[in-house]
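Numbering (our numbering), first residue to last: 98 to 229.
C-beta atoms are modelled at their ideal positions from N, C-alpha and C, and glycine is treated no differently.
Structure (structure tokens):
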């Protein structure tokens, strides 16, 4: 990818973030977390690039920490989400330390489920006339 394409991609990403709703931002965070974990898996399993794996695991950890920091504790469900996010954070840290991706399918399943839920929340409800 040349410099100009990279700049265009960065600008597109910046605009996407700046115009996204809070729920859409959460979806973006989950997407980035999933992407980084898959890249970490490639680094560990295929490339034997432990430094690259560490970088991607660390990015995934930072994303989960951001999800934890953004929780609105005024809602009852926040306590349950905190438990899920703490489990994910612990699992990602463990995979990073051990460079063992055995737990990755379970972690990705949870992340994908959470992402899909937030994706549904981020879509505006269709009016009955739009459905038919």
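Identity of the residue in the options nearest residue i by Cα
i	options	result
residue 208	113, 135, 150, 108	135
residue 129	164, 105, 181	164
residue 127	220, 221, 104, 182	182
residue 137	221, 210, 200, 99	200
residue 132	107, 105, 212	212
Cut-off 8 Å between Cβ atoms - residues of its own chain near residue i, not counting five sequence neighbours on either side
i	result
residue 204	134, 185, 188, 189, 192
residue 158	186, 189, 190, 193
residue 162	186
Neighbourhood of residue i by C-beta, 7 Å cutoff - its chain only, sequence neighbours within 5 removed
i	result
residue 178	168
residue 142	198
Neighbourhood of residue i by C-beta, 6 Å cutoff - its chain only, sequence neighbours within 5 removed
i	result
residue 103	none
residue 288	Look at the range of the chain in this structure, 98 to 229, and you will see that residue 288 is not part of it.
residue 218	120
residue 147	196
residue 224	Model confidence at residue 224 stands at a pLDDT of 49, short of 50, so the residue's coordinates are unreliable; what they give is reported in the following sentence. None.
residue 140	146, 149, 150
In chain order, each alpha helix (DSSP H) run of at least 4 residues that lies wholly inside the segment 140-196: 147-166, 174-195
Residue ranges of each alpha helix (DSSP H) within the segment 99-131, 4 or longer: 100-116
Three or more C-beta pairs below 8 Å linking the segment 142-153 and the segment 108-127: no
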